[in-house]
Amino acid sequence: MPTPAPRPRTRTPQDRSAYTVGVETTVIPVLPPDAAARKRFVRIVAAVAAVGGALFGYDTGVISGALLYVSSDFDLSVFGEGMVTSVLLIGAAVGAFAGGRVADRIGRRLALVLAGIVFVVATAGCAFAPDYAVLLVSRVVLGLAVGVSSIIVPLYIAEMAPADIRGRLVSLNSLMIVTGQLLAYLVNAWLAQYGAWRWMLGLAAVPAVVLVVGMLLLPDTPTWYRMRDRADDALQVLRRTYAEREAHRELRAIRQAQESQSADNQGWRGFREPWVRRSLLIAIGVAVLQQATGVNTVIYFAPTLLVDAGLPSSTAVVATIAIGVISVVATVVGLRLVDRVPRKKLLVGGSLGGVVSLVALGCTYPLTERGPGFSYLVLGVMVVFLAFQQSAVATTTWLIISELVPSAVRGVGMGVAGVFLWLANWAVSLAFLPVVHAIGGSWTFIAFAVIGVAGVVFVRRAVPETGGKSLTDIEHEMQDATD
Numbered sequence: 001m002p003t004p005a006p007r008p009r010t011r012t013p014q015d016r017s018a019y020t021v022g023v024e025t026t027v028i029p030v031l032p033p034d035a036a037a038r039k040r041f042v043r044i045v046a047a048v049a050a051v052g053g054a055l056f057g058y059d060t061g062v063i064s065g066a067l068l069y070v071s072s073d074f075d076l077s078v079f080g081e082g083m084v085t086s087v088l089l090i091g092a093a094v095g096a097f098a099g100g101r102v103a104d105r106i107g108r109r110l111a112l113v114l115a116g117i118v119f120v121v122a123t124a125g126c127a128f129a130p131d132y133a134v135l136l137v138s139r140v141v142l143g144l145a146v147g148v149s150s151i152i153v154p155l156y157i158a159e160m161a162p163a164d165i166r167g168r169l170v171s172l173n174s175l176m177i178v179t180g181q182l183l184a185y186l187v188n189a190w191l192a193q194y195g196a197w198r199w200m201l202g203l204a205a206v207p208a209v210v211l212v213v214g215m216l217l218l219p220d221t222p223t224w225y226r227m228r229d230r231a232d233d234a235l236q237v238l239r240r241t242y243a244e245r246e247a248h249r250e251l252r253a254i255r256q257a258q259e260s261q262s263a264d265n266q267g268w269r270g271f272r273e274p275w276v277r278r279s280l281l282i283a284i285g286v287a288v289l290q291q292a293t294g295v296n297t298v299i300y301f302a303p304t305l306l307v308d309a310g311l312p313s314s315t316a317v318v319a320t321i322a323i324g325v326i327s328v329v330a331t332v333v334g335l336r337l338v339d340r341v342p343r344k345k346l347l348v349g350g351s352l353g354g355v356v357s358l359v360a361l362g363c364t365y366p367l368t369e370r371g372p373g374f375s376y377l378v379l380g381v382m383v384v385f386l387a388f389q390q391s392a393v394a395t396t397t398w399l400i401i402s403e404l405v406p407s408a409v410r411g412v413g414m415g416v417a418g419v420f421l422w423l424a425n426w427a428v429s430l431a432f433l434p435v436v437h438a439i440g441g442s443w444t445f446i447a448f449a450v451i452g453v454a455g456v457v458f459v460r461r462a463v464p465e466t467g468g469k470s471l472t473d474i475e476h477e478m479q480d481a482t483d
């Protein structure tokens with residue numbers, strides 16, 4: 001007797017509220033997530049994406065310890081040391097510039113997957129480099145991945161997170177950056193006794209694999225789905241982060257913000273709008289300010305500075321663990337402050353604290369000639385300087401940039417801001433050691449303090465307050481302020 005054909009199953013409300021996983025829409029017959037599940041999902045999204053920040057931190061921090069041994073093995077000059085350190089930043093500038101366009105074309109999620117793959121390949125190149133030239137090329141390629149992740153991680157989190165917790169979640173990227181740097185310092189201290197700089201550089205492959213696997217399991221952002229006319233996919237992701245009514249309201253806000261920019265004003269063409277250009281210029285100013293006061297010179301060259309101040313190489317490498325620890329602690333403090341204290345006030349306060357610390361560093365650095373005890377005093381002042389930078393300035397920089405750049409040009413705009421940030425980082429890092437040798441560490445830090453004062457003036461006059469506002473509200477305010 002023939003088997004009767006199965007009856008078609010009627011689609012239920014549960015089916016219709018299925019959500020998107022990955023690139024394609026996968027129908028999963030489950031009820032919409034409750035508040036706890038939504039909160040958990042957003043935190044998982046932010047944590048996985050922020051692994052890119054950990055890679056950023058590890059690869060920029062690990063060179064501080066490895067440099068002492070790379071320089072010896074390859075017989076590097078002062079300029080060569082600066083190149084090994086700063087050449088990554090050239091790649092990062094290119095990666096930041098291209099990253100925004102890549103994120104707009106293939107999506108924020110797949111762009112981070114691509115960055116993770118490049119991290120793995122370039123890390124292997126650094127670890128197995130037979131000579132100085134191969135190491136330089138590998139560091140440039142590694143910089144491409146660092147630059148891409150530096151742009152897309154805060155962009156991805158900002159577009160996924162609700163406004164009330166966006167500050168903490170985007171700033172989680174800053175926490176992961178300094179956590180990566182601390183991990184690099186700990187690895188350096190452990191491997192310094194063996195002079196194993198190849199292992200120092202090569203261990204970055206582990207979090208890179210975590211990033212690739214994690215991002216393959218996550219969806220893209222509602223903003224990107226809506227840009228690609230995939231409104232259903234955008235709504236399904238929004239349902240995982242908002243209650244039902246709020247999800248529809250947020251989708252309408254995203255649509256209105258994107259439709260307010262005509263097709264002729266998308267991408268590069270969007271910069272013809274005066275308010276868009278103004279938003280981008282302010283974002284660039286905030287990006288350059290973070291780098292121009294020399295924060296990364298302390299991270300990159302702390303062991304070198306402490307050796308010049310009289311400490312043995314192995315002691316200097318271990319001593320920089322204090323820098324990593326205070327960076328993590330300060331960033332945790334910043335995460336607690338960023339959604340409670342106005343962004344602008346936090347940025348100004350951190351910058352002023354950095355200026356005072358730089359003046360103190362300029363005054364104490366010459367005292368190292370009187371004995372090793374003063375070397376630890378210099379280390380203490382460095383720690384205070386980084387505490388202000390990491391708790392306030394670094395915590396708010398990428399957050400403000402991701403909030404200021406309008407949605408119609410966000411990929412390109414954040415890429416441009418990232419280029420300026422990385423070029424400023426590269427210029428300061430490359431020039432730092434030659435300038436210290438030319439005019440001395442004391443006057444170098446005083447010069448950074450003067451730049452910091454100029455930065456405070458810029459923030460007070462130009463940077464708007466973005467805390468507690470939706471991304472579309474910020475765009476409307478920038479339009480009104482420019483008209």
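The sequence shown finishes on residue 483 if you use our numbering, and the numbering steps up by one all the way, no holes. The beta carbon of each residue, even a glycine, is placed where N, CA and C say it ideally should be.
- With a cut-off of 8 Å on Cβ pairs, the region 180-189 is not in contact with the region 92-101, counting fewer than three such pairs.
- The C-beta of P130 has fewer than 16 other C-beta atoms within 10 Å across all chains shown, which makes the residue exposed.
- In the three-state DSSP reduction, E465 falls in the coil class, being neither helix nor strand.
- If one requires a minimum length of 4 residues, the alpha helix (DSSP H) runs lying completely within the region 292-362 are 295-308, 313-319, 321-337, in chain order.
- The alpha-carbon of Y58 is positioned some 41 Å away from that of D480.
- Out of R336, I401, A35, Q193, the CA that lies nearest to the CA of I474 is found in I401.
- Fewer than three Cβ pairs drawn from the region 212-232 and the region 77-94 lie within less than 8 Å of each other, which leaves the two stretches out of contact.
- Going by DSSP, R168 is part of the alpha helix (DSSP H) stretching over 163-192.
- Around the CB of A205, 16 or more other CB atoms lie within 10 Å, so the residue is classed as buried.
- For A387, the closest of G324, V416, V359 by C-alpha to C-alpha distance is G324.
- Taking H476 as reference, the option from L155, I439, W275, V341 with the minimal CA-CA separation is W275.
- Judged by DSSP in its simplified three-state form, Y242 adopts coil rather than helix or strand.
- In this structure, L347 and T396 form a Cβ contact; the two beta carbons are roughly 5 Å apart against a cut-off of 8 Å.
- In the three-state DSSP reduction, D232 falls in the helix class (H, G or I).
- With 16 or more other Cβ atoms from the protein chains shown falling within 10 Å of its own Cβ, V42 counts as buried.
- Within the same chain, G91, V118, V121, A122, G125 come within 8 Å of V141 by CB-CB distance, once the 5 residues on both sides are set aside.
- Residue environment for Q389: buried (at least 16 other C-beta atoms within 10 angstroms of its C-beta).
- T123 sits in a helix when the DSSP states are folded into three classes.
- For the region 53-133, the full-length alpha helix (DSSP H) segments reaching 4 residues or more read 63-74, 78-106, 108-127 along the chain.
- Assignment of D480 by DSSP, reduced to helix, strand and coil, places it in the helix class.
- In the DSSP assignment, L216 falls within the unbroken alpha helix (DSSP H) covering 205-216.
- Three or more beta-carbon pairs drawn from the region 237-254 and the region 159-171 are found closer than 8 Å, and the two stretches are therefore classed as touching.
- The beta carbons of F420 and V288 sit about 6 Å from each other, so the pair counts as a contact at 8 Å.
- At the C-beta level, G418 and I151 come within 7 Å of one another.
- If you draw a straight line from the Cα of S174 to the Cα of V146, it comes to about 14 Å.
- Per DSSP, Y365 lies in no alpha helix (DSSP H) and is assigned neither H nor E.
- Here V463 is near I282, since their CB atoms are less than 7 Å apart.
- CA-CA distance, T60 to Q181, rounds to 7 Å.
- Residue state for V405 is assigned as coil, using DSSP reduced to three classes.
- Taking 7 Å as the cut-off, the beta carbon of G52 is found no closer than this to the beta carbon of S138.
- Per the C-alpha coordinates, the member of H248, A394, A127 positioned closest to A66 is A127.
- Beyond the five residues adjoining it in sequence on each side, F385 comes within less than 7 Å, by CB distance, of V298, G354, S357, L358, L361 in the same chain, given in chain order.
- Rounded to the nearest angstrom, the Cβ distance from S72 to E81 is 11 Å, too far for a contact under 8 Å.
- L352 sits away from S171, with the two beta carbons spaced by 7 Å or more.
- Contact between D104 and G413 is absent: CB atoms are separated by about 11 Å, not below the 8 Å threshold.
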